[in-house]
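So for the sequence shown, this note's numbering puts the first residue at 2; every next one is plus one. Each residue gets a CB set at the ideal place from its N, CA and C atoms; glycine is no exception. Structure first, commentary second.
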Amino acid sequence: MLDLSGQWHLSDETGQYSAPMSLPGDGISALRAAGIIPDPYWGQNEYDLRWISDRDWLLTRTFQATGRNVTLVLSMLDTVVDVSLNGQTVLQANSMFRTHRVDVSEALILGENVITLHFRSAPRAAKALADAQPFPVPFQADNCPIPHGNMLRKPECDFGWDWNIALAPFGMYGDIRLEQHGPRISAIAVAQDHNATGATVTATVQTEGIDDGADLRVSLCGQEACAPVISNTATVSLKFDSAELWWPAGHGKQALHVLTVAVGDLTATRRIGFRDVQLVTAKDETGTGFALHVNGRPVFVKGANWIPADALGSAITPDICRDLLQSAVDANMNMIRVWGGGRYEPDWFYDLCDELGLLVWHDFMFACHLYPATDDFLAAVDAEVREQVARLNHHACIALWCGDNELLGALNWYEESRQDRDRYLVAYDRLNRTLEKALRETAPHAIWWPSSPSPGPMSFGDAWHDDRSGDMHFWSVWHEGRDFDHYRDVSPRFCSEFGFQSYPSMDVIRRFAGPADFNIAAPVMESHQKNAGGNARIAETMFRYFRFPVGFENFVYLSQVQQALAIKTAVTHWRSLKPHCMGALYWQLNDTWPVCSWSSLDHGGGWKLLHHVARRFYADVIVSAVPTADGVELLVVNDQPDAAQVEVEAFAVSMDGRMRNVGTASVEACVDTAISALVVPRAALNDDEILMFDWAANDRPRQSDHFAARPYKAYKLGPASISTEITEQDGQYAVTLTSAALALYVAVEADMPGRFSDNAFDLLPGRPVTIEFTPADPSVTTEFTIRDLHSATHHI
């Protein structure tokens, strides 16, 4: 094997620009590193750099060959690329979602060889394909300023999205190597069958160049079995009377074991976890449920949607993704949804999810557009699905495969499909059936869900506003400007998308804007807001709930407070509906670049206030405050494996911080359904009081939350006179905060990157809070800023 990664030479089709470029990597990052272009993420540079995608680019390098009879292998090649060897075209690639293997023996010479990757302009290639379609195939022009991304098998968010920069980058993000011809193990499909007597693991192995009758051996956890290879296929089963199970985060250990396949001198390994995942869609009095059962246990799914870790492939590394995924687990999440407008991630990504216990809802890569239904397009999709499912099916984390993101809704978004729905519905059905057939033939045991959102198989209705069956995307609060209480008007069976925007944190804003641009109406700030009307919607919502902030930095803080309030309102209510509702995945976990968005993690991995609040509302035991006609009902939700004894205490709290008890309860919280602890009558609270409630489960540390019956702007919060005591030891800071009055959503900010143990909490007199801060660079002294609702909205 000859690895061809490393240093290459980049040039454009005119010869005007050239730079060194390292593979794996992307061309835009290479141009920036060479000083040819400025930082694409700074200011409004994006608009002056779109010319890059309108040109062809060439990557070349030389290498020495000492033998012939070799195969060139390229993975994650982005996207329309002519590959030549010594001037002879050996491959015309047109998909980032396939691994390309081509015999280059005839083009290879002994000694020095020249290999060239000719990257065709993605916008030009996409337009040519669009023009060649037998009928128009619309795309999401509102989201994608670079058109026709639906024509290419490339991450669609590369063409822009309502949270992404639009640069249509090019490059290669996987392997590029030469392999000597010879036998190989090409695919391993792993299936598990669990029942009361144990588990059976079956490996179906595809080979190339192996003689019929050769013994293929499979070993796992000390057991071994073999079967003969017939027509390059062998199937081997291993029976286990007992096995250490793999569990999602919060439900048990993530036990992983190495499965080894051997035939002749060849070996291949896969790391698997013993686990059984079932999607239960039983009919009930409301409609049809949607619940994942793992190892026979119903699991309330808690998590967020995953988009690519960066807009530029060079910046996506295992360490960066591990940090993002670890933050998901640290916020008590047990699932991420790999969204269909992004990409299939590298193997190491799913290894991380296996290790961390993050279930993966995996869309196939189709989102929001309509798509071609030509035979060649569907044949390419068929091959893509078979390859990706064969590559990933063995991972313990893979929970289900979903056909697409929002394609059913897209049938109603375009004039062409509204005028001729039958034609476009048939085109959609051809695509959807291609996906399902390829999945089922590659991994018969895999869970299939046709679309997200969807009421279920063979249903083509609107699942945005139908909460009776299937999964739901609920966007009325953000896109329609509804009150946060509107989240309580729906009862989803499983909500796989919902969200509310905020600004990125100040340390992130300073990476793309100077102080002169610290204004929400400044062109730079507007260029980092890709959702039409997003800034106005954030500001309008503030007027509705809060007194308007003083200064830009307090505006940023308050935008994150209201984002956290919105998502908390949804999640705590929907969790209180358990088992009617069995999952909540908010939009979105991460960002691709520094931008105003729905994420809870900033670009770079820092925690917004929402992520800190998510750690609390996704905790295994919570108390949810649900307003009723008579007052506020406090319901206990328990997602632990076993019942929990929960002590609940409720207080009326005045603005000066005085507390009086308005109820106590002790309940045994079962795991199947939310349990009512107590109802606080409306008359128990004066107009100048909010409801605060504490709870402790099974002698765990006390947790606390509050419920405000009126918008926060209606309360006369006063100065809390927050004092701080800061100690530092070995680069770790402990910050103790004490208040003289009620302080809500207290946020501690640092002047350098790092991680707080908690944030956006409440303070009361006599209840100091100590949090820890771990700076990214312990050698530099850290300064802290404290904000709360009152200080953010009053001149001091």
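Task: Backbone CA spacing between Y716 and V382 [nearest angstrom] - done: Rounded to whole angstroms, the separation of the alpha carbons of V382 and Y716 is 57 Å.
Open item on the list: DSSP three-state label for H487, please.
Closed with: When secondary structure is reduced to three states using DSSP, H487 falls in the helix class.
- [ ] Along the beta strand (DSSP E) that carries N662, what are the first and last residues, could you check?
- [x] Here the beta strand (DSSP E) through N662 covers M660 to A670.
Task: Under 8 Å between C-beta atoms of L611 and Y713 - done: No. Outside cutoff.
TODO: Tell me whether E407 is buried or exposed, calling it buried when 16 or more other Cβ atoms sit within 10 Å of its Cβ.
DONE: Per the 10 Å Cβ criterion, buried.
Task: contact_flag[the segment 174-188, the segment 263-270] where n(CB pairs < 8 Å) is 3 or more - done: Contact between the segment 174-188 and the segment 263-270 is present: 3 or more CB-CB pairs across the two stretches fall below 8 Å.
Task: Where W164 sits in the DSSP three-state scheme - done: For W164, the secondary structure class from DSSP, reduced to helix, strand or coil, is coil.
TODO: Over the uninterrupted beta strand (DSSP E) stretch that includes A620, give me the two end residues.
DONE: Here A620 belongs to no beta strand (DSSP E), and DSSP marks it neither H nor E.
Task: A685 and V663 closer than 8 Å at C-beta - done: Less than 8 Å divides the Cβ of A685 from the Cβ of V663.
- [ ] Could you check how far apart the C-beta atoms of T72 and R99 are, in whole angstroms? I think they sit under 8 Å.
- [x] With 8 Å as the limit, T72 and R99 do not qualify as a contact, their Cβ atoms being about 15 Å apart.
Open item on the list: Give me the residue from R51, F136 and T593 with the minimum Cα distance to Q420.
Closed with: Distance check between Q420 and each of R51, F136 and T593 places F136 closest, using alpha-carbon atoms only.
- [ ] Would you decide whether W52 is buried or exposed? Buried here means 16 or more other CB atoms lie within 10 Å of its CB.
- [x] That one is exposed.
Task: CB contact flag (L117, S85, <8 Å) - done: It is Thr, not Leu, that sits at residue 117 in the sequence shown. T117 places its beta carbon less than 8 Å from that of S85.
TODO: Determine, using beta carbons only, whether P505 and D423 come nearer to each other than 8 Å.
DONE: No, they are not a contact pair.
- [ ] Might you give, ordered along the chain, the residues of its own chain that have their beta carbon closer than 7 Å to the beta carbon of F549, omitting 5 neighbours on each side?
- [x] Around F549: M543 and T794.
Task: Option nearest G500 by Cα separation, candidates E481, D508 and R494 - done: If we check each option's Cα against that of G500, E481 comes out closest.
- [ ] Would you decide whether A197 is buried or exposed? Buried here means 16 or more other CB atoms lie within 10 Å of its CB.
- [x] A197 is exposed by the Cβ-count criterion.
Task: Separation of Q207 from T234, as counted between CA atoms - done: Answer to the nearest angstrom: the Cα atoms are 5 Å apart.
Task: Backbone CA spacing between E554 and C354 [nearest angstrom] - done: Straight across, the Cα-Cα distance linking E554 with C354 is about 35 Å.
- [ ] Can you tell me which of A565, M660, K569 and G297 puts its alpha carbon nearest to the alpha carbon of A626?
- [x] Comparing Cα-Cα distances from A626 to each of A565, M660, K569 and G297, the minimum goes to K569.
- [ ] Go through the segment 179-263 residue by residue and report every complete run of the beta strand (DSSP E) that reaches 3 residues or more, in order.
- [x] Here the runs fully enclosed are 185-196, 199-209, 216-221, 224-229 and 234-241.
- [ ] Report the three-state DSSP secondary structure of G632 (helix, strand or coil).
- [x] Three-state DSSP puts G632 in a strand.
Open item on the list: If I follow the unbroken beta strand (DSSP E) through R298, where does it start and stop?
Closed with: Unbroken beta strand (DSSP E) run through R298: R298 to V300.
- [ ] Put F350 into one of helix, strand or coil per three-state DSSP.
- [x] DSSP places F350 in helix when its eight states are reduced to three.
Task: Sequence ranges, beta strand (DSSP E) only - wholly within the segment 126-159, length at least 3 - done: Fully enclosed beta strand (DSSP E) runs of 3 or longer: not present.
TODO: Determine the burial state of M2: buried for a count of at least 16 other Cβ atoms within 10 Å of its Cβ, exposed for fewer.
DONE: The residue in question, M2, is exposed, as its Cβ has fewer than 16 Cβ neighbours within 10 Å.
- [ ] For the segment 569-621, list the alpha helix (DSSP H) runs that are entirely contained and at least 4 residues long, ordered along the chain.
- [x] Whole alpha helix (DSSP H) segments, 4+ residues: 610-618.
Task: For T15, the nearest candidate out of W58, A35, A34 and D49 (CA to CA) - done: Answer by Cα proximity: W58.
Task: Residue environment, T771, which counts as buried when at least 16 other CB atoms sit within 10 Å - done: Exposed, because fewer than 16 other Cβ atoms sit within 10 Å of the Cβ of T771.
Task: Where K531 falls: helix, strand or coil (DSSP) - done: In this structure, K531 counts as coil in the three-state DSSP scheme.
Open item on the list: The beta strand (DSSP E) that contains Y746, what's its start and end?
Closed with: In the DSSP annotation of this structure, the continuous segment of the beta strand (DSSP E) that includes Y746 starts and ends at A744 to A751.
TODO: Quick one: grab the DSSP three-state call for Q17.
DONE: In this structure, Q17 counts as coil in the three-state DSSP scheme.
- [ ] For W450, collect the residues of the same chain with a Cβ closer than 6 Å to its Cβ; drop the 5 residues on either side in sequence, then sort them by chain order.
- [x] Contacts found: L401 and C403.
Task: Inter-residue Cα distance where the pair is D213 and F160 - done: The alpha-carbon of D213 is positioned some 48 Å away from that of F160.
Open item on the list: Spatial neighbours of A1 within its chain, please: C-beta separation below 6 Å, excluding the five flanking residues on both sides.
Closed with: Given that the chain is displayed from residue 2 to residue 797, the structure contains no residue 1 and the question cannot be resolved.
- [ ] Consult DSSP for W414 and reduce its assignment to one of helix, strand or coil.
- [x] In the three-state scheme derived from DSSP, where H, G and I count as helix and E and B as strand, W414 is classed as coil.
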